[in-house]
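Participant:
Numbering (the numbering used here), first residue to last: 36 to 78.
(1) Distance check for residue 73 and residue 45, CA to CA, integer angstroms please.
(2) DSSP has residue 63 in a bridge; who is on the other side?
(3) Would you report the Cα separation of residue 65 and residue 53, rounded to the nearest angstrom?
(4) Cβ of residue 36 within 7 Å of Cβ of residue 49?
(5) Cutting at 8 Å between CB atoms, please list the residues of its own chain near residue 61, excluding the five before and the five after it.
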């Protein structure tokens, strides 16, 4: 999940279940850049 107004990128480990599981705030991006699926590579 990404809050583009604040530039906060979250990892939601447990999907649709309540809470973040073992996830949470993953990164704070300065300036709140616009992000899309092409900006990520999952390995």
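Glycine included, C-beta positions come from ideal geometry on N, C-alpha and C.
Facilitator: Inspection of the coordinates gives the following:
(1) What you label residue 45 is simply residue 10 of the chain shown in a count that begins at 1. What you label residue 73 is simply residue 38 of the chain shown in a count that begins at 1. Straight-line Cα distance between these residues: approximately 17 Å.
(2) On the chain shown, position 28 is the one that residue 63 refers to. Bridge partners of residue 63: 43.
(3) As a first step, residue 65 must be located in the chain shown, where it is residue number 30. As a first step, residue 53 must be located in the chain shown, where it is residue number 18. C-alpha separation (whole angstroms): 28 Å.
(4) Your numbering for residue 36 matches position 1 in the chain shown. Your numbering for residue 49 matches position 14 in the chain shown. In this structure, residue 49 does not lie closer than 7 Å to residue 36 by Cβ.
(5) For the purposes of this step, residue 61 is taken as the residue at position 26 of the chain shown. Take residue 61, set aside five residues on each side of it, and the residues of its chain with a beta-carbon closer than 8 Å to its own are 44, 45 and 46, in chain order.
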